[in-house]
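Enquirer: Take 1 as the starting number for the sequence shown in full-length UniProt numbering and just add one per residue. Each residue gets a CB set at the ideal place from its N, CA and C atoms; glycine is no exception.
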Amino acid sequence: MELIYVDHAATSPLHPDVLNEMLPYFQTHFGNPSSIHQIGRQARQALDKARRTIASVLNVHEQTLIFTSGGTEADNMAILGYALEHKSKGNHIITSKVEHHAVLHACQELEKRGFDVTYLPVDETGRVKLNDVQEALRDDTILVTLMFGNNEVGTIQPIEEVGQLLQEHQAVFHTDAVQACGMVELNLSQLPVDMLSVSAHKINGPKGVGLLYMKEGIKVKPVLFGGEQERKRRAGTENVAAVVGFAKAMELSNRSIMERTERYQKFAQTLIDVWSKKEVDFYVNGHQHERLPHVLNVSFPYVNIESLLMNLDMASICASSGSACTAGSIEPSHVLVAMFENESERVQSAIRFSFGFGNTNEQIERVALDTAEIVKRLRQQEEYIS
Ligand SMILES: Cc1ncc(COP(=O)(O)O)c(C=O)c1O
1 MELIYVDHAA
11 TSPLHPDVLN
21 EMLPYFQTHF
31 GNPSSIHQIG
41 RQARQALDKA
51 RRTIASVLNV
61 HEQTLIFTSG
71 GTEADNMAIL
81 GYALEHKSKG
91 NHIITSKVEH
101 HAVLHACQEL
111 EKRGFDVTYL
121 PVDETGRVKL
131 NDVQEALRDD
141 TILVTLMFGN
151 NEVGTIQPIE
161 EVGQLLQEHQ
171 AVFHTDAVQA
181 CGMVELNLSQ
191 LPVDMLSVSA
201 HKINGPKGVG
211 LLYMKEGIKV
221 KPVLFGGEQE
231 RKRRAGTENV
241 AAVVGFAKAM
251 ELSNRSIMER
261 TERYQKFAQT
271 LIDVWSKKEV
281 DFYVNGHQHE
291 RLPHVLNVSF
301 PYVNIESLLM
311 NLDMASICAS
321 SGSACTAGSI
331 EPSHVLVAMF
341 ENESERVQSA
351 IRFSFGFGNT
361 NEQIERVALD
371 TAEIVKRLRQ
381 QEEYIS
C-alpha cells in the first residue's frame, strides 16, 4: 500500500534539488568558513551566497539575518535575547495562548526570571483581537511576540495591524513565521515587524537550520558564547551544507506560493466534500479565510483520536493529532483549549492533516475515503459501547 504523508506541518521531506545543492558541501567543499585557505574561502562564499539568496527572497539586507539551528533557537534568541538585553526599558512582554511551545516556554522562562508576561486569549477561530493587544500594552511593555500562522489550526494572526499599532510604542514586534514561510509571501521591507523566525525543515529544506531576522538597529543578548560567527551574534561554526540547502528551499518555495496555495485549498475542499457526501460528522477548526492553506484541522465528535490515528497509520496514512502524546494519553492541545474552552468534545476529537511536496489528488481522495470509513466505524463502536 502506498504510504501517504499528510503531516507536512510537523516536518517535510527534503526537496531533491535541495539535496543536490547540499551534497558537495559535505565532501569536496567541506571547509570551515572562518578558515582563510581556499577550502575555507569556498565555504565562506557559499554561505555568503546563501545569505544573499534568502535576503533577496525576504527583501531585506543580508546583515539582518542570523542563521540558527532552527525555529526553536530563533524564537528563543528573539524572546530571551531581546528581553534580557533591554530589561532596563521595561519588564512586560505580550504573547498569545496559541503560540508554539518554543515561544510559550521561552516566555515562561522569562517569568521565572522576574518578567511579567500577558498571554492574550483568542476567539473561536484562533485569532487574537487587535483591541486586546492594545489594552494589554503598558508603558513598560518591551516586546510583543505573536505567531504569523498557527501550526495546529493554520489561523493567521493580524500581523500587519499589530505591527502598525506598535509603531508608536517602544515595544518591538517579533513573529514566529515558521509555518507561514513558504506559504505566504514575506516581504520584510513592507511588513511592520522587527524580528521574525523561520525554519528550513518546514519548507522542504534540511532539519537543524533556521534563521532570525533582526531589523537593523535591534540588539539581543547572545544565547551562545564562543566564536565571532554571525557578526558576534551567534557563536558556533556555521552549518554550511544546511544553510546552502535552506537557501535553495527558500527560493523554491517562494517561487511556487500561488500554485501550491491553490493545490492545497483544493485538497482541503476534497476532504470536506467527501466527508459531507458520506455524511460524516465533523467540524473544521481555525479561521475560514485567514488561514495557512496547507493545514486542515478537523474535529470528529465522539471519535477516539488515538484510535483514529492508529487506524490511519495502519492504512499507511500519516497524520497528526496536533496534540502532545504524554505517557500514553493524549493531552488536549493548548491551542484548541484556548479556542474552545467550553467545548471539550471538539478539543478531544481533533486531528490535523497538513499537505505538501509529493501529495497528489489521488492520495488526498484516498485519505478522504479512508478517514470517512474509519471515523464511521469508530463512531459505531463508540455508540455500541456506551
Ligand atoms: C510555529 C512553529 N514555531 C516553531 C517551531 C520550531 O521549529 P524547529 O522545529 O525548527 O525548532 C515549529 C515546529 O514545529 C513551529 O511549527
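If you count every other CB in all the chains shown that lies within 10 Å of the CB of L336, and 16 or more means buried, which is it?
Expert: Here residue 336 is taken as the residue at index 336 of the sequence shown, counted from 1. The residue in question, L336, is buried, as its Cβ has 16 or more Cβ neighbours within 10 Å.
Enquirer: So E111 packs on V103, CB below 8 angstroms; how close in whole Å?
Expert: Here residue 111 refers to the residue found at position 111 when the sequence shown is read from its first residue. Here residue 103 refers to the residue found at position 103 when the sequence shown is read from its first residue. Not quite, the Cβ-Cβ distance comes to about 13 angstroms (not below 8 angstroms), so this is no contact.
Enquirer: Which residues bound the beta strand (DSSP E) around F173?
Expert: Your numbering for residue 173 matches position 173 in the sequence shown. Element bounds for F173: V172 to D176.
Enquirer: Considering only the alpha carbon of each residue, which of K87, P293 and R352 lies closest to A171?
Expert: Mapped onto the sequence shown, residue 171 falls at position 171. Among K87, P293 and R352, the Cα nearest to that of A171 is on K87.
Enquirer: Is A350 helix, strand or coil when you go by DSSP?
Expert: For the purposes of this step, residue 350 is taken as the residue at position 350 of the sequence shown. A350: strand per DSSP, three-state reduction.
Enquirer: Under 6 angstroms from any heavy atom of ligand 1, does the C-beta of G70 make it?
Expert: Counting from 1 along the sequence shown, the entry for residue 70 is found at position 70. Yes - ligand 1 has a heavy atom lying nearer than 6 angstroms to the Cβ of G70.
Enquirer: In three-state DSSP terms, what is S299?
Expert: As a first step, residue 299 is located in the sequence shown; it is residue number 299 there, counting from the start. S299: strand per DSSP, three-state reduction.
Enquirer: Using a 10 Å radius around the Cβ and a threshold of 16 neighbouring Cβ atoms, would you call E62 buried or exposed?
Expert: The residue you call residue 62 lines up with position 62 of the sequence shown. E62 comes out exposed.
Enquirer: Among R260, V128, V280 and L23, whose alpha-carbon lies nearest the alpha-carbon of V295?
Expert: Within the sequence shown, numbered from 1, the residue matching residue 295 stands at position 295. Residue R260 is the option with its Cα nearest to V295.
Enquirer: Curious, which full-length beta strand (DSSP E) runs of at least 3 residues does the segment 242-299 contain?
Expert: Entirely contained in the segment 242-299, the beta strand (DSSP E) runs reaching 3 residues are, in chain order, 283-285 and 295-299.
Enquirer: Taking C-alpha atoms, which residue in D273, I385 and L196 lies nearest to Y302?
Expert: As a first step, residue 302 must be located in the sequence shown, where it is residue number 302. For Y302, the nearest C-alpha among the options comes from I385.
Enquirer: Rounding to the nearest angstrom, what Cα-Cα distance links A235 and M1 in this structure?
Expert: Residue numbering aside, residue 235 sits at position 235 when the sequence shown is read from its first letter. Residue numbering aside, residue 1 sits at position 1 when the sequence shown is read from its first letter. Cα to Cα, the separation comes out at about 46 angstroms.
Enquirer: What does a CB cutoff of less than 8 angstroms around T326 pick up in its chain, not counting 5 residues either side in sequence?
Expert: Mapped onto the sequence shown, residue 326 falls at position 326. Any reading at T326 needs caution, since the residue's pLDDT is 45, under 50, leaving its predicted position unreliable; the model's value is listed next. Same-chain partners within the cutoff: there are none.
Enquirer: What's the call for G356, buried or exposed, on a 16-neighbour Cβ count within 10 Å?
Expert: Here the question's residue 356 lines up with position 356 in the sequence shown. Buried, since its Cβ has 16 or more Cβ neighbours within 10 Å.
Enquirer: Count the other CB atoms within 10 Å of the CB of S34; is the residue buried (16 or more) or exposed (fewer)?
Expert: Position 34 of the sequence shown, counted from the first residue, corresponds to residue 34. With fewer than 16 Cβ atoms within 10 Å of its Cβ, S34 is classed as exposed.
Enquirer: If I follow the unbroken alpha helix (DSSP H) through S333, where does it start and stop?
Expert: Position 333 of the sequence shown holds residue 333. From DSSP, S333 is part of no alpha helix (DSSP H); its letter is neither H nor E.
Enquirer: Have a look at D48, R127 and K207 and flag the residue whose alpha-carbon is nearest the alpha-carbon of S12.
Expert: To locate residue 12, count along the sequence shown from 1; it is residue 12. When only C-alpha atoms are compared, the closest one is K207.
Enquirer: So does V178 have its beta carbon nearer than 6 angstroms to some heavy atom of ligand 1?
Expert: For the purposes of this step, residue 178 is identified with residue 178 of the sequence shown, where counting begins at 1. Yes, since a heavy atom of ligand 1 falls inside the 6 angstroms radius drawn around the Cβ of V178.
Enquirer: Cβ of N151 within 7 angstroms of Cβ of H100?
Expert: Taking the sequence shown and counting its residues from 1, one reaches residue 151 at position 151. Taking the sequence shown and counting its residues from 1, one reaches residue 100 at position 100. Yes, Cβ-Cβ distance for N151 and H100 is below 7 angstroms.
Enquirer: Buried or exposed for I4, please, with buried defined as at least 16 other CB atoms from any protein chain shown within 10 angstroms of its CB.
Expert: Within the sequence shown, the letter at position 4 stands for residue 4. So I4 counts as buried.
Enquirer: Run through the segment 173-215 for me and flag every whole beta strand (DSSP E) of 3 or more residues, listed as ranges in chain order.
Expert: Here the runs fully enclosed are 195-199 and 210-214.
Enquirer: Taking 6 angstroms as the cut-off, does the CB of S333 come closer than this to any heavy atom belonging to ligand 1?
Expert: Within the sequence shown, the letter at position 333 stands for residue 333. No - ligand 1 has no heavy atom lying nearer than 6 angstroms to the Cβ of S333.
Enquirer: Put V133 into one of helix, strand or coil per three-state DSSP.
Expert: Walking along the sequence shown from the start, residue 133 turns up at place 133. Three-state DSSP puts V133 in a helix.
Enquirer: One question on the structure: do V60 and L188 come within less than 7 angstroms of each other, judged by their Cβ atoms?
Expert: As a first step, residue 60 is located in the sequence shown; it is residue number 60 there, counting from the start. As a first step, residue 188 is located in the sequence shown; it is residue number 188 there, counting from the start. Going by C-beta atoms, V60 is nearer than 7 angstroms to L188.
Enquirer: If you follow the beta strand (DSSP E) that L58 is part of, which residue opens it and which one closes it?
Expert: Locating residue 58 in the sequence shown gives position 58, where the first residue counts as 1. Looking at the DSSP string, L58 is not in any beta strand (DSSP E); the run it does join, the alpha helix (DSSP H), is Q38 to L58.
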